[in-house]
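Colleague: This note's numbering applies: residue 746 is where the sequence shown begins, and numbers increase by one. C-beta atoms are modelled at their ideal positions from N, C-alpha and C, and glycine is treated no differently. All values derive from a computational prediction rather than experimental measurement. There's a structure below that I have some questions on.
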Amino acid sequence: MFWRRFAASRPASGGLGGWTVASLSTSTGVAGGAPRKHDPAGGGPPRSESGLAARLATAAIGIPLIVVLVVLGLPWLFVGVVGAIVVAMAEFYRMVERAGYRPVWEAGMAAGVLFAIEAAWPQPWEGAVLPALLVYAVADRLRRGRPERVLADTAITVLGAVYVGYLMSFALRLRALPDGPGHAAGPGPALLVIFAVWAADSAAYFVGLAAGRRKLAPQVSPNKSLEGAMGGVAAGLAAGLICGWAFRVPLPTAAAIGGVCAIASVVGDLWESAIKREVGVKDAGRLLPGHGGFLDRFDGLLFAMAVGYYALRWWSAA
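What follows is the structure in structure tokens.
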């Protein structure tokens, strides 16, 4: 299928959230620590100078593009989100195929795009995507004569659609939030979450590099430190305050959102690291020069956008 060419299986390393200062250096992950020897899904040796140049060039294009798409809103943001969903889901499905799973690509991809359509333009069939995906995936496995693989292949198909497609659609949901007592309509809520995660990523790397001593999750990603994670959360709080002032979000709410999103991004980063460790790869792909794959750049942000969206809605209703 045409989208499979986007995926790659080259080993590379886990990161978080997006293009950040940390991801332009020899970062080994969000809750950074000192570089270590090669370890699939858990960090690796410092990048070469040519690799760093590629990362800088990619980030110089990627950061402004993301901000512009969020500011412009629909339909441009929808196009960008759908493109990211297709590429990242292809990376995820290709990655898990290395471990013997056989996801139903066409069903998962269609569901991922439909999640984005639901988020951008509410539909009367909203809520039907997940059960339809489940039924189709089960039927496909049975039709192909793989009853012994129905559970695993169906589960991995649904997981890919929800993990990538559904969580990525929260970029559109954040952008579509109406005016409320806790926030103003427009790009502010989405940018608050994005900037908080980027700030947390960068701070986690430098704090971990300078003061990282205790391992955060040594069995999952041994290069991440507790000190780096704490520094990242502090930076998320600070970024939330700045964005709250800039985007007319009450400062206590903005700071809380920034801190919560920073924590969620750490969880998202560790989640992808655990997946890559299980399948034995270091990067989900290699589409972004010097960075790895789309999924490597958005792993933490996927979790943070969903958490940020519901946190904003809850604080607005409180």
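1) Between the stretch 819–827 and the stretch 992–1000, can you find at least three pairs of beta-carbon atoms closer than 8 Å?
2) What residue range is occupied by the uninterrupted alpha helix (DSSP H) comprising Pro876?
3) With a cut-off of 8 Å on the beta carbons, I'd call Phe837 and Ala1029 a contact; round off their distance for me.
4) Between the stretch 833–850 and the stretch 1013–1032, do at least 3 Cβ pairs fall closer than 8 Å?
5) Within a Cβ cutoff of 8 Å, which residues of the same chain sit near Phe1048, ignoring the five residues on either side of it in sequence?
6) State yes or no: is the C-beta of Leu954 within less than 7 Å of the C-beta of Leu961?
7) Identify every residue that forms a DSSP beta bridge with Ser970.
8) Can you name, in chain order, every residue of its own chain whose Cβ lies under 8 Å from the Cβ of Arg891, other than the five neighbours on each side?
9) Counting along the chain, where does the alpha helix (DSSP H) carrying Trp1016 start and finish?
10) Does DSSP put Gly925 in a helix, in a strand, or in coil?
11) Taking the CB atoms as reference points, tell me whether Gly1003 and Leu982 lie closer together than 7 Å.
12) Can you tell me whether Gly976 is helix, strand or coil according to DSSP?
13) On the DSSP letters alone, give me the boundaries of the alpha helix (DSSP H) that Glu836 sits inside.
14) Are Gly853 and Ala906 close, meaning C-beta to C-beta below 7 Å?
15) What's the C-alpha gap between Ile808 and Pro932?
16) Alpha carbon to alpha carbon, how far is Leu875 from Arg888?
17) With distances taken between CB atoms, is the gap from Val952 to Gly976 smaller than 7 Å?
18) Is it true that the CB of Leu917 sits closer than 7 Å to the CB of Pro934?
19) Do Ala991 and Ala945 have their C-beta atoms within less than 7 Å of each other?
20) Buried or exposed for Leu936, please, with buried defined as at least 16 other CB atoms from any protein chain shown within 10 angstroms of its CB.
21) Could you check the C-alpha separation between Met840 and Lys1021 for me, to the nearest Å?
22) Let's see if you can read the secondary structure: which residues bound the alpha helix (DSSP H) around Ala864?
23) With a Cβ-Cβ cutoff of 7 Å, do Val883 and Val895 count as a contact?
24) Tell me which residues share the same chain as Ala805 and place their Cβ nearer than 6 Å to its Cβ, disregarding the 5 neighbours each side in the sequence.
25) Just the Cα atoms here: how many angstroms apart are Cys1006 and Ala941?
26) Grab the span of the alpha helix (DSSP H) containing Val895 for me, first residue to last.
Modeller: By the coordinates alone:
1) By the Cβ criterion, the stretch 992–1000 is not in contact with the stretch 819–827, since fewer than three pairs of Cβ atoms, one from each stretch, lie closer than 8 Å.
2) According to the DSSP assignment, Pro876 belongs to the alpha helix (DSSP H) that extends over 874–888.
3) Confirmed, about 7 Å.
4) At 8 Å Cβ cutoff, the stretches touch.
5) Answer for Phe1048: Leu912, Ala1009, Ser1010, Val1012, Gly1013, Trp1016, listed in chain order.
6) Going by C-beta atoms, Leu954 is not nearer than 7 Å to Leu961.
7) Beta-bridge partners of Ser970 (DSSP): Lys960.
8) Counting only residues of its own chain and dropping the five nearest sequence neighbours on each side, Arg891 has a CB closer than 8 Å to the CB of Arg847, Asp898.
9) Trp1016 -> alpha helix (DSSP H) spans 996–1024.
10) Correct three-state label for Gly925: strand.
11) Contact annotation: Gly1003 and Leu982 have beta-carbon atoms nearer than 7 Å.
12) Gly976 sits in a helix when the DSSP states are folded into three classes.
13) Counting along the chain, the alpha helix (DSSP H) containing Glu836 begins and ends at 821–842.
14) In contact: Gly853 and Ala906 (Cβ atoms closer than 7 Å).
15) Rounded to whole angstroms, Ile808 to Pro932 spans 15 Å at the Cα level.
16) C-alpha separation (whole angstroms): 20 Å.
17) For Val952 and Gly976, yes; Cβs fall inside 7 Å.
18) No.
19) Result no, Cβ atoms of Ala991 and Ala945 do not sit closer than 7 Å.
20) A residue is called buried once 16 or more other Cβ atoms fall within 10 Å of its Cβ, and Leu936 is buried on that count.
21) Roughly 8 Å separates the two Cα atoms.
22) Element bounds for Ala864: 850–865.
23) Against a cut-off of 7 Å, the Cβ pair of Val895 and Val883 comes out as a contact.
24) So the list is empty, once near-sequence residues are dropped.
25) Distance between the alpha carbons of Cys1006 and Ala941 is about 7 Å.
26) Counted as a single uninterrupted DSSP element, the alpha helix (DSSP H) harbouring Val895 occupies residues 895–905.
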